[in-house]
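Colleague: Protein sequence lines, in the order shown, are assigned to chains A and B.
At position 199 of the first sequence (counting the first as 1) the number is 199 in the numbering used here, and the numbers step up by one without a gap.
At position 120 of the second sequence (counting the first as 1) the number is 630 in the numbering used here, and the numbers step up by one without a gap.
One structure coming up, written as structure tokens, with questions to follow.
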Amino acid sequence: MNKQIRKLAAGLLVLYLALFAALNVVQVGKKQELDAHPQNNRQTIRDFNRMRGPIVTADGVVVARSVPVVDPDSQYRFQREYPTGNLFSNITGYYTYSFGSTQLEKTQNDVLMGDTTQQKVDSVFGGADNTGSVQLTLRADVQQVAAQAIDDFNAAQLANGATETVQGSVVVMDPRTGAVLAMVSLPRFDANQVADHDTKAAEDVLDFLNNYPGKPLLANAYQENYMPGSSFKIITTGIAMENGVTSLDRNWPSETEWVPPQTNDPIQNYGGKACGGTMTEVFYRSCNIPFAQLASELGPQRMTDGVRAWGIGEKLPIDLPGAVASSFCGNVTPCDAAFFNDQLPLLAIGGFGQGNDLMVPLHMCMVAATVANGGVMMKPHVVDATLDHDGAVLTRTSPEAWKTPISPTTATILSDLMVGVVNNGTGKPMQLANGVQAAAKTGTAQLNFVEGEPQRSHAWIIGFAPAEAPRYAVSVVIKGTTDEISAGTGGRLAGPIAKQVLDYLFASES
Amino acid sequence: MAAGISAVAFVLASLGKNSTMPATLVPFLIALLGMLIAAHIATRLLARGADGTLLPLAVMLHGIGYVMIARLSERRAALQTTWSFIAIVAFVLTLLIVQRPPDLARYKWTFLFVGAGLLMLPLVPGIGSSVGGAKIWVSIGPVNFQPGEFAKIALALFFAAYLADNRELISAGTRRFGFIRIPELRYVLPITLAWAFAVAVMVAEKDLGSALLFFTLFTVMMWVATERAIYLVLGLVIFSGAAYIAWRMFEVVQTRVDIWLDPWSQYEGKGYQPAQAMFAFANGGTAGTGLGLGNPSKIPAASTDYVFAAIGEEMGLIGATAVIIAFLLLLGAGLRVAVRADRPFEKLLATGLTTIISMQAFIIIGGVLRLVPLTGITLPFVSYGGSSLLANYILLALLLRISDSGARRRGETPDELTISERMEARRLRRAERKAARA
């Protein structure tokens with residue numbers, strides 16, 4: 001029997017060697033293949049179970065943080081939470097296990113997790129927690145005021161019979177540095193609901209948000225573009241001045257109609273009124289014909305070159321993912337002179353912000369900021385600095401110029417023209433408290449009427465203050481959702497919102 | 511031996527320290543270690559000549575399993591502590607009661623009927639219950655257990671005893687049929703019936719793992735007892751045939767095979783667990799994630815059938831290999847006991863018991879690694895589960911007893927009288943004195 005027992009031992013040994021071989025194949029041989037398997041979420045969970053640093057505003061308010069999960073049976077150790085609710089969700093984005101992450105949670109992931117090279121090196125000498133934090137340029141108080149202003153407007157509209165949420169945004173930035181102080185989009189969402197560990201609930205929320213009109217998941221302040229209307233006249237005037245096509249001395253006769261080349265269809269002023277006067281007057285009265293004529297005089301080549309100098313057609317260089325570009329040609333690419341050569345009426349209409357013009361709200365704020373900053377357009381940014389676990393600076397965003405579309409002289413002239421808008425023209429609703437001089441330009445873009453829907457329009461105001469030494473630039477846009485809103489002008493609808501925010505900013509300084 | 515225990519203590523302590531386990535674990539570990547040291551002392555007292563590697567190996571496996579269970583569920587760890595205590599007590603009691611192995615052979619028919627009865631128990635309405643499709647549980651009052659775990663020991667005892675008595679008759683055969691000598695039916699019939707019955711019941715309970723284990727046990731014991739390779743061949747042929755028929759006839763078996771070949775195709779259903787086990791192994795890699803730092807809880811049966819995947823994830827290739835080597839050493843030591851034993855019954859019993867442990871470990875580890883199709887069964891000493899732990903410690907005690915008996919026979923250990931023999935002798939002396947006085 002011993003012979004058989006020894007054979008049995010040998011047989012079992014072979015079986016166990018097979019086990020060892022199989023173990024090696026699985027754990028070492030196929031490791032990479034299995035780790036990369038689409039259904040394998042262990043890596044994600046591992047990240048998910050690590051501590052993650054906070055995102056903090058310039059005024060020290062925590063807008064995203066990880067808190068330990070109390071429930072011992074939970075498969076997750078931390079819950080990501082957003083203490084300010086929906087206020088910053090378009091900027092922080094969300095960090096979820098099942099649906100990935102967005103916005104800063106996505107782009108600043110390495111800093112927050114402590115995965116940058118420097119943090120990893122430092123953690124060798126430091127403690128176990130090497131998570132970093134992200135310091136925003138945004139101020140929670142300004143964000144709150146801006147959100148309140150636009151939310152109040154929306155509430156008033158809903159009370160007035162509107163059936164859908166107003167789409168709109170408020171952007172405030174420092175024209176000298178490009179630091180964004182507030183960036184509110186409506187509609188927006190609450191990242192807490194998406195970051196829920198209850199995957200089913202989170203999925204329902206995402207489904208709801210994806211189907212909601214106005215795309216709450218998109219920060220329309222920099223991820224959508226709108227027809228700019230008359231606010232675009234700043235750009236047309238700037239290009240015309242740079243090319244010597246116009247000056248403050250130019251005068252326009254009062255006209256009700258002008259027929260551009262290549263068509264018999266005349267261009268009219270807002271409301272079909274007669275409009276004319278000096279450069280200053282046509283600017284604050286917001287006549288359309290003079291700017292159509294400027295665009296025509298510039299011609300396709302100089303006009304397309306000019307808008308390109310303002311950054312139109314390029315994705316906005318903000319430090320947030322998914323930024324879109326403004327456009328002078330709608331969806332047509334490439335947007336060059338050739339497109340307009342046989343579309344001269346469209347070029348003329350484009351001169352006063354209608355036709356194929358589409359501007360991102362953030363970009364319009366940058367346009368106002370360019371005038372305020374002596375002609376230099378700064379790169380917008382929301383991240384001021386990234387900090388390591390001990391609060392030492394890892395990176396700090398230094399202000400960087402993006403474009404220089406106009407000379408300082410032109411900037412001064414445009415600034416004066418915009419002061420006129422506030423003092424004498426369509427921008428009167430943005431006259432600030434305590435005698436602070438603001439400069440602004442309004443815009444009201446009538447959208448093509450769609451059968452079965454209310455008349456829609458985009459009501460804009462962009463500007464800066466104080467005019468003599470600007471510290472804040474602002475843009476407000478509201479997409480009209482009822483005939484009533486659409487009948488209003490940018491100055492009347494968006495102006496008070498901009499005033500509220502700027503008044504708060506100056507009040508908060510003292 | 512003592513060094514082995516302290517090594518285990520060290521392993522347990524350091525594992526506990528490096529992980530993120532709650533402080534309540536420490537008393538558990540101390541209690542567990544105390545029990546295991548007690549088991550060691552009992553072995554030294556009651557079976558002095560026994561092989562010195564069997565118990566430490568089992569204890570190491572038990573310790574690794576326990577740490578893994580504690581890491582997965584505190585509640586289960588507490589229950590496992592209780593069961594560990596019961597198992598150790600049963601281990602000592604087995605050593606105490608079974609002092610002379612041949613005594614066991616006398617009760618072979620009892621063992622057969624007890625084994626058969628235990629196997630049938632889950633089929634009794636009212637007390638039998640099924641968990642995860644297999645009807646192998648029995649609930650009496652608050653106690654749940656798997657009688658099959660004990661049945662396999664009882665049946666191994668019966669086989670060993672029966673074959674020890676009749677092996678020559680079976681082996682010799684009387685009629686010739688070509689090359690094959692067919693043994694007389696009356697010698698083979700009882701054991702074949704017992705075996706067929708056992709396998710049939712296990713299949714009926716959908717306990718395919720146990721059926722496979724049992725089939726292997728029987729084939730191996732027949733082969734070793736008769737020294738005729740034809741039984742091995744026969745076993746293989748019957749197994750292949752049965753497997754093919756089962757695959758053709760039962761949807762359950764087809765699903766198992768499909769999942770084995772490609773668990774990802776049914777990721778949302780039955781393939782989830784094997785796929786997660788694969789991910790767990792990959793996540794562990796060579797060195798493992800470290801205890802408490804992986805995600806073995808994603809595998810639904812992480813503390814029972816799939817405990818090996820949990821070990822693979824958190825202790826890596828190194829830890830998982832250690833477990834495989836421990837089983838390899840255990841089977842080596844068990845078969846050495848079989849070789850050194852000189853009575854056929856003891857030889858066969860040691861062979862059978864070792865085959866149970868090593869095949870059971872192979873079936874489940876191979877299943878988890880997708881080397882073979884998975885058939886649910888516990889990993890001896892490691893998996894969570896009271897019945898399994900208890901049965902395996904009893905099995906271990908029997909192996910130690912055979913080992914001790916072999917050593918005494920060879921004169922390596924003084925063959926002292928057992929306690930019962932001493933009492934018997936004293937009784938006899940007293941009777942003699944009484945007779946002399948009278």
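Yeah, the Cβ is synthetic: ideal placement off N, Cα and C, and Gly gets one too.
Looking only at its own chain, which residues have a Cβ that is under 6 Å from the Cβ of D925 (chain B), when we skip the five neighbours before and after it?
Modeller: Taken in chain order, the residues that qualify are R918.
Colleague: Which residues, in order along the region 722-737 of chain B, keep a beta-carbon less than 8 Å from a beta-carbon of chain A?
Modeller: V730, W733, V734, A735, E737
Colleague: Do the region 28-45 of chain A and the region 897-916 of chain B touch if we need at least three Cβ pairs shorter than 8 Å?
Modeller: no
Colleague: What residues are listed by DSSP as bridge partners for N251 (chain A)?
Modeller: A:T278
Colleague: So that I know if they touch, is there some Cβ in chain B lying closer than 8 Å to that of N130 (chain A)?
Modeller: no
Colleague: Give me the residue from A:S326, A:G277, A:N356 with the minimum Cα distance to F339 (chain A).
Modeller: A:N356
Colleague: If I measure Cβ to Cβ from A568 (chain B) and keep anything under 6 Å in the same chain, skipping five residues before and after, which residues do I get?
Modeller: Within the same chain, F891, L906 come within 6 Å of A568 (chain B) by CB-CB distance, once the 5 residues on both sides are set aside.
Colleague: Have a look at F506 (chain A) and T199 (chain A) and give me their C-alpha separation to the nearest angstrom.
Modeller: 44 Å
Colleague: In terms of DSSP beta bridges, what is A935 (chain B) paired with?
Modeller: Answer is none; A935 (chain B) lacks a bridge partner.
Colleague: Less than 8 Å between C-beta atoms, sequence neighbours within five positions excluded: which residues of the same chain meet that for G100 (chain A)?
Modeller: K106, listed in sequence order.
Colleague: Indicate the three-state DSSP secondary structure (helix, strand or coil) for G627 (chain B) in the structure shown.
Modeller: helix
Colleague: Counting only Cβ-Cβ distances shorter than 7 Å, please list the residues of the region 310-336 of chain A near chain B, keeping chain order.
Modeller: none
Colleague: Taking D815 (chain B) and R558 (chain B) to be in contact with their CB atoms under 8 Å, please state how far apart those CB atoms are, rounded to whole angstroms.
Modeller: Not really, about 37 Å apart at Cβ, beyond 8 Å.
Colleague: For E81 (chain A), report the span of its beta strand (DSSP E) as first-last.
Modeller: 78-81
Colleague: Which complete alpha helix (DSSP H) runs does the region 398-441 of chain A hold, if anything under 4 residues is left out?
Modeller: Counting only runs of 4 or more, we get 408-424.
Colleague: Going by C-alpha to C-alpha distance, which of B:H550, B:I540, B:A552 sits closest to Y576 (chain B)?
Modeller: B:I540
Colleague: Tell me, please, whether the region 406-413 of chain A touches the region 178-197 of chain A by the rule of three or more beta-carbon pairs shorter than 8 Å.
Modeller: In short, these stretches do not touch, since the Cβ pair count stays below three.
Colleague: Can you give the Cα-Cα distance for P405 (chain A) and V360 (chain A), rounded to whole angstroms?
Modeller: 17 Å
Colleague: Which residues in the same chain have their Cβ closer than 6 Å to the Cβ of Q157 (chain A), if we skip the five residues on either side of it in sequence?
Modeller: V166
Colleague: Rank B:S930, B:R696, B:A671 by C-alpha distance to the C-alpha of G862 (chain B) and give the top, closest one.
Modeller: B:A671
Colleague: Which bits of chain A does T861 (chain B) rub up against, with CB to CB less than 9 Å?
Modeller: M1, Q4, I5, L8
Colleague: Tell me the residue span of the alpha helix (DSSP H) that contains W757 (chain B).
Modeller: Residue range 740-759 is occupied by the alpha helix (DSSP H) that includes W757 (chain B).
Colleague: Please classify Q446 (chain A): does DSSP put it in a helix, a strand, or coil?
Modeller: strand
Colleague: Answer yes or no: do L695 (chain B) and A735 (chain B) have a C-beta to C-beta separation smaller than 8 Å?
Modeller: no
Colleague: For L722 (chain B), which residues from the same chain have a beta carbon less than 7 Å from its beta carbon, with the 5 sequence-adjacent residues on both sides left out?
Modeller: I873, T885
Colleague: Quick one, which residues of the region 47-73 of chain A are near chain B if we go by CB-CB under 7 Å, in chain order?
Modeller: none
Colleague: The beta strand (DSSP E) with V67 (chain A) in it runs from where to where?
Modeller: 62-68
Colleague: Just checking my contact of V393 (chain A) with A401 (chain A) at CB under 8 Å: how many whole Å lie between their CB atoms?
Modeller: Not quite, the Cβ-Cβ distance comes to about 22 Å (not below 8 Å), so this is no contact.
Colleague: Closer than 8 Å is the cut-off here; do at least three beta carbon pairs connect the region 57-67 of chain A with the region 829-843 of chain B?
Modeller: no
Colleague: The beta strand (DSSP E) that contains R139 (chain A), what's its start and end?
Modeller: From DSSP, R139 (chain A) is part of no beta strand (DSSP E); its letter is neither H nor E.
Colleague: So A459 (chain A) packs on T444 (chain A), CB below 8 Å; how close in whole Å?
Modeller: Going by Cβ atoms, the distance from A459 (chain A) to T444 (chain A) rounds to 6 Å, so yes, they are a contact pair.
Colleague: Please report how far the alpha carbon of N424 (chain A) lies from the alpha carbon of Y284 (chain A), in whole angstroms.
Modeller: 7 Å
Colleague: In the region 198-239 of chain A, which residue ranges form an unbroken alpha helix (DSSP H) of at least 4 residues, counting only runs that do not cross its ends?
Modeller: DSSP runs (the alpha helix (DSSP H)) wholly in the region 198-239 of chain A: 199-211, 220-223.
Colleague: Return the CA-CA distance between F749 (chain B) and S74 (chain A), expressed in angstroms with no decimal places.
Modeller: 44 Å
Colleague: Mind listing the chain A neighbours of K716 (chain B)? Cutoff is C-beta to C-beta under 8 Å, in chain order.
Modeller: Going along chain A, no residue has its Cβ under 8 Å from K716 (chain B), so there is no contact; the nearest lies around 25 Å.
Colleague: Hey, how far is the Cα of G313 (chain A) from the Cα of C335 (chain A)?
Modeller: 8 Å
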